[in-house]
Amino acid sequence: MSHTPPDPLTTTAPAPQPGPRLLAVSDLHIGMADNRPITESLRPSHPDDWLIVAGDVGEMTEDIEWALRLLAGRFAKVVWTPGNHELWTPREDKVQLRGEERYRHLVEMCRGLGVVTPEDPWPVWEGPGGPVAVAPLFLLYDYTFRVAGTATKEESLARAHEAGVVCTDEYLLHPDPYPGRDDWCRARVAATRRRLTAHDPAVPLVLVNHFPLVREPTDVLWHPEFAQWCGTVLTADWHRRFTTAAVVYGHLHIPRTTWYDGVRFEEVSIGYPREWRRRGHPKGLLRQILPYTPQPGTGTGTGTGTGTGNAPQEARA
Numbered sequence: 001m002s003h004t005p006p007d008p009l010t011t012t013a014p015a016p017q018p019g020p021r022l023l024a025v026s027d028l029h030i031g032m033a034d035n036r037p038i039t040e041s042l043r044p045s046h047p048d049d050w051l052i053v054a055g056d057v058g059e060m061t062e063d064i065e066w067a068l069r070l071l072a073g074r075f076a077k078v079v080w081t082p083g084n085h086e087l088w089t090p091r092e093d094k095v096q097l098r099g100e101e102r103y104r105h106l107v108e109m110c111r112g113l114g115v116v117t118p119e120d121p122w123p124v125w126e127g128p129g130g131p132v133a134v135a136p137l138f139l140l141y142d143y144t145f146r147v148a149g150t151a152t153k154e155e156s157l158a159r160a161h162e163a164g165v166v167c168t169d170e171y172l173l174h175p176d177p178y179p180g181r182d183d184w185c186r187a188r189v190a191a192t193r194r195r196l197t198a199h200d201p202a203v204p205l206v207l208v209n210h211f212p213l214v215r216e217p218t219d220v221l222w223h224p225e226f227a228q229w230c231g232t233v234l235t236a237d238w239h240r241r242f243t244t245a246a247v248v249y250g251h252l253h254i255p256r257t258t259w260y261d262g263v264r265f266e267e268v269s270i271g272y273p274r275e276w277r278r279r280g281h282p283k284g285l286l287r288q289i290l291p292y293t294p295q296p297g298t299g300t301g302t303g304t305g306t307g308t309g310n311a312p313q314e315a316r317a
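Residue 194 in full-length UniProt numbering sits at position 194 of the sequence shown; the count goes up by one each step and never skips.
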């Protein structure tokens, strides 16, 4: 039987609601030629729509700037946080900054485009479902989502190398000036925790991070060794500790809605062509975060959700 791959721009998401919406997407990966038309197709349905971009726009600074400029010109506000791919320093990139310097370069680039970054005041969405503060977080990972049966970062990494599952970050994401990516992560977590603690709890938060804030979403990875590049245990209680309306993340390439402790978590990634050709875009290209409209099959219990069960099949993710 022949099989026709799904049209990359075809969605099965509900029709847009009238009025402005807070939307989200991640993992556009526009360095892949077949993903660029997807980015070019993203448009608001209302002039006051906001768009969250939760990382992994691309690897090359030129591509990242092109995509964010395009989206900032269409949506009323764009809020961005970096993924691991934006922080790579590929030899082919004209910008050879590393680590913190590369991140700061991207922040200044975004500010020039009018795009909100983790270093800026958190904008307050006053539209339907608001008011909420949209908080882009940049936290990285610290290898604490370890492989089962290992007790240290070194043991967990060794197990990943034995399995042949090693994230490209180990070669292209430099932590300068920090000794390691885990040190950079801990510094980011500490600074962000202080900022969240100072936030007015009367205004709920939409927490946006490229990596999931809890480990549970990684339980469905085909390669469990990859989880150690997916977050930190230091944020496991943040959705309970701080008044949180929703959590938005990407990185896993498993677009779905799950609930933990009564808080909605939205994985909003597009992913690689070989992934979306297989599963299509069952939740649409843009995920509606607010106003929230429950869909059939979603609930409010811990860990429930819908998804394809797909996971990154290579170490690039």
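Every residue, glycine too, gets a C-beta built ideally from N, C-alpha and C.
Whose C-beta lies closer than 6 Å to the C-beta of residue i among residues of the same chain, with five residues either side of it excluded?
{"i": "residue 291", "result": "128 and 129"}
{"i": "residue 234", "result": "189"}
{"i": "residue 113", "result": "68, 69 and 72"}
{"i": "residue 115", "result": "68, 72, 78 and 80"}
{"i": "residue 240", "result": "261"}
Out of curiosity, what's the CA-to-CA distance linking residue i and residue j?
{"i": "residue 169", "j": "residue 27", "result": "15 Å"}
{"i": "residue 67", "j": "residue 230", "result": "24 Å"}
{"i": "residue 166", "j": "residue 251", "result": "15 Å"}
{"i": "residue 209", "j": "residue 56", "result": "11 Å"}
{"i": "residue 134", "j": "residue 277", "result": "31 Å"}
{"i": "residue 19", "j": "residue 46", "result": "6 Å"}
{"i": "residue 260", "j": "residue 247", "result": "10 Å"}
{"i": "residue 162", "j": "residue 153", "result": "14 Å"}
{"i": "residue 143", "j": "residue 185", "result": "10 Å"}
{"i": "residue 76", "j": "residue 159", "result": "46 Å"}
{"i": "residue 139", "j": "residue 120", "result": "15 Å"}
{"i": "residue 43", "j": "residue 86", "result": "23 Å"}
{"i": "residue 24", "j": "residue 51", "result": "5 Å"}
{"i": "residue 192", "j": "residue 122", "result": "12 Å"}
{"i": "residue 30", "j": "residue 93", "result": "14 Å"}
{"i": "residue 164", "j": "residue 232", "result": "22 Å"}
{"i": "residue 181", "j": "residue 103", "result": "13 Å"}
{"i": "residue 213", "j": "residue 150", "result": "21 Å"}
{"i": "residue 242", "j": "residue 269", "result": "24 Å"}
{"i": "residue 265", "j": "residue 106", "result": "26 Å"}
{"i": "residue 273", "j": "residue 84", "result": "19 Å"}
{"i": "residue 196", "j": "residue 131", "result": "17 Å"}
{"i": "residue 54", "j": "residue 98", "result": "21 Å"}
{"i": "residue 187", "j": "residue 124", "result": "26 Å"}
{"i": "residue 179", "j": "residue 282", "result": "41 Å"}
{"i": "residue 48", "j": "residue 222", "result": "39 Å"}
What is the residue span of the beta strand (DSSP E) that residue i lies within?
{"i": "residue 208", "result": "205 to 208"}
{"i": "residue 51", "result": "50 to 53"}
{"i": "residue 289", "result": "287 to 290"}
{"i": "residue 266", "result": "263 to 267"}
{"i": "residue 23", "result": "22 to 25"}
{"i": "residue 202", "result": "First-last for residue 202: undefined, no H or E at that position."}
{"i": "residue 259", "result": "256 to 260"}
{"i": "residue 135", "result": "132 to 136"}
Within the continuous alpha helix (DSSP H) that includes residue i, where are the two ends?
{"i": "residue 153", "result": "153 to 163"}
{"i": "residue 187", "result": "181 to 198"}
{"i": "residue 276", "result": "273 to 279"}
{"i": "residue 238", "result": "238 to 241"}
{"i": "residue 39", "result": "36 to 41"}
{"i": "residue 171", "result": "169 to 172"}
Excluding sequence positions up to five away, which residues of its chain have a Cβ less than 7 Å from the Cβ of residue i?
{"i": "residue 183", "result": "175"}
{"i": "residue 299", "result": "In this prediction, residue 299 scores a pLDDT of 45, lower than 50, which makes its location untrustworthy; the coordinate-derived value is nonetheless stated afterwards. Excluding residues within five positions, the ones whose Cβ falls inside 7 Å are 259."}
{"i": "residue 267", "result": "217, 249, 250, 252, 254, 255 and 256"}
{"i": "residue 6", "result": "Its pLDDT being 41, under 50, residue 6 is placed unreliably in this model, and the coordinates cannot settle the point."}
{"i": "residue 244", "result": "204, 205, 207 and 263"}
{"i": "residue 100", "result": "176 and 177"}
{"i": "residue 201", "result": "243"}
Going by alpha carbons, who is nearest to residue i out of the options?
{"i": "residue 82", "options": "177, 108, 255 and 256", "result": "108"}
{"i": "residue 218", "options": "178, 145 and 88", "result": "145"}
{"i": "residue 36", "options": "293, 285, 294 and 289", "result": "285"}
{"i": "residue 238", "options": "221, 263 and 225", "result": "263"}
{"i": "residue 21", "options": "126, 99, 122 and 38", "result": "126"}
{"i": "residue 118", "options": "137, 200 and 96", "result": "137"}
{"i": "residue 318", "options": "65, 224 and 289", "result": "The structure shown does not extend to residue 318, since the chain is modelled only from 1 through 317, so no value can be given for it."}
{"i": "residue 62", "options": "96, 223, 48 and 53", "result": "96"}
{"i": "residue 34", "options": "275, 194 and 147", "result": "275"}
{"i": "residue 224", "options": "141, 147, 48 and 194", "result": "147"}
In chain order, what residues of the same chain lie with their CB nearer than 8 Å to the CB of residue i, ignoring the 5 residues before and after it?
{"i": "residue 90", "result": "59, 60 and 172"}
{"i": "residue 32", "result": "272 and 273"}
{"i": "residue 199", "result": "122, 133, 135, 205 and 242"}
Any beta carbon of chain C sitting closer than 8 Å to that of residue i?
{"i": "residue 73", "result": "You won't find chain C in this structure, because it holds only one protein chain."}
Within the segment 55 to 122, ranges of the beta strand (DSSP E) (whole runs, at least 3 residues):
Runs of the beta strand (DSSP E) lying entirely within the segment 55 to 122, each at least 3 residues long, are 77 to 80 in chain order.
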